[in-house]
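Chains A and B, in that order, are what the protein sequence lines are.
When we follow my numbering, the leftmost residue of the first sequence carries the number 545, and every step to the right adds one.
When we follow my numbering, the leftmost residue of the second sequence carries the number -14, and every step to the right adds one.
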Amino acid sequence: MITLSDYLFVSGILFSIGFAGVMLRRNLIIILMSLELMLNAANLSLVAFSRFRVDPNGLPNYSAQVFVFFIITVAAAEIAVGLAILVALYRARQTTDVKDISSLKF
Amino acid sequence: MSPFLFWVFALLTLIFGATVVVNRNPVASALSLVVSFLGLAALFMSLDAFFVGIIQVLVYAGAVMVLFLFIIMLLNLQAEARRQINWLAAAGGTGVAVVLLVQICFVIRHIRAAQQTFPPLANPTTDDVRNIGAALFSNYNLPFQIVGVLVLVATIGVVLLSRREPR
Chain A
545 MITLSDYLFV
555 SGILFSIGFA
565 GVMLRRNLII
575 ILMSLELMLN
585 AANLSLVAFS
595 RFRVDPNGLP
605 NYSAQVFVFF
615 IITVAAAEIA
625 VGLAILVALY
635 RARQTTDVKD
645 ISSLKF
Chain B
-14 MSPFLFWVFA
-4 LLTLIFGATV
6 VVNRNPVASA
16 LSLVVSFLGL
26 AALFMSLDAF
36 FVGIIQVLVY
46 AGAVMVLFLF
56 IIMLLNLQAE
66 ARRQINWLAA
76 AGGTGVAVVL
86 LVQICFVIRH
96 IRAAQQTFPP
106 LANPTTDDVR
116 NIGAALFSNY
126 NLPFQIVGVL
136 VLVATIGVVL
146 LSRREPR
């Protein structure tokens, strides 16, 4: 049978993949995609917890699903703003590589 | 959901998630991300969260991915040139990610409650759109309004950012 820990393992592996992408890749678009992977890994564990905590009426815990809804909304807004910044940056510098954008680097 | 389907969709999500990171071509990465999100939506539905699964397909596999592909096409990004890889930095990044993964697995292994299977629902076809809507407009009404303001601010910000500077 599938237990809660199976879903949590999948979620943890997905989060680590996204984290590795943020650490390893230098293309800003790929970094944004890896951020999305991490947010979705968190969503998966939230939905798994929601299904795990069944209340006496036999309903899943909907608070977690509302939280997932908020995360999806905020992530969509974040991606829109991030891509707009990326376009503005590309217009100014003609690059999407984080190695070429280091004026603020200490 | 049967364990077989769970592992099929979990492997689909993880393999295509890894392809997003490994691929050099941004278009291929974006398309792998679509498949990964579809697998994740199937996992949500296996947890009886049908509304969240459908939202996942509509918002992520639909809107967000169109945005990504549109920007990739607009900037005309090619596959990254094969630069000299800084092996020390690559090993460090991989090492940190692996340490994080080992920590997560260690913690999950030691939660005893997580080894139990999911308790059954009273009614497998619950009306979860109505229940989520009721929670959203009663208990979580204030956060919902705040998220609305956030989306408005994001819209205005994006318009301002992408406007050309008057010369």
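All C-beta atoms, glycine included, are put in the ideal place defined by N, C-alpha and C.
Which residue comes first and which comes last in the alpha helix (DSSP H) that contains Val45/B?
Residue identity check: residue 45/B is Tyr in the sequence provided, not Val. From DSSP, Tyr45/B is part of no alpha helix (DSSP H); its letter is neither H nor E.
So what does Asn571/A bridge to, in DSSP terms?
DSSP links Asn571/A through a beta bridge to Asp641/A.
Could you check if Gly2/B is buried or exposed, using at least 16 other CB atoms within 10 Å of its CB as the buried criterion?
buried
Over the uninterrupted alpha helix (DSSP H) stretch that includes Arg9/B, give me the two end residues.
Neither: Arg9/B is in no alpha helix (DSSP H) and is coded neither H nor E.
Gly142/B, enclosing alpha helix (DSSP H) - first and last residue
It spans Asn126 to Ser147 - the alpha helix (DSSP H) in which Gly142/B sits, taken as one unbroken run.
Within this structure, are the beta carbons of Ile546/A and Pro(-12)/B separated by less than 7 angstroms?
yes
Run down chain A in chain order and give the residues with a C-beta less than 7 angstroms from the C-beta of Val134/B.
Close partners of Val134/B in chain A (Cβ separation under 7 angstroms) are lacking, with about 11 angstroms as the shortest Cβ gap.
Are the CB atoms of Gly38/B and Ala48/B nearer to each other than 7 angstroms?
no
Under 7 angstroms, CB to CB, which of the residues in the region 623 to 637 of chain A have a partner in chain B?
Ile623, Ala624, Val625, Leu627, Ala628, Ile629, Leu630, Val631, Ala632 and Tyr634
Using CA coordinates, which residue listed in Val598/A, Ala621/A and Leu603/A is at the minimum distance from Arg115/B?
Leu603/A
Quick one: what's Thr102/B bridged to in DSSP?
Beta-bridge pairing links Thr102/B to Thr547/A.
Report the three-state DSSP secondary structure of Asn116/B (helix, strand or coil).
Here Asn116/B sits in helix by DSSP.
Chain E contact residues for Phe91/B, given Cβ-Cβ distances below 7 angstroms:
Protein chains A and B are contained in the structure displayed, whereas chain E is not.
Go through its chain and collect everything with a Cβ distance to Leu(-3)/B's Cβ below 6 angstroms, but skip five positions before and after it.
Gly24
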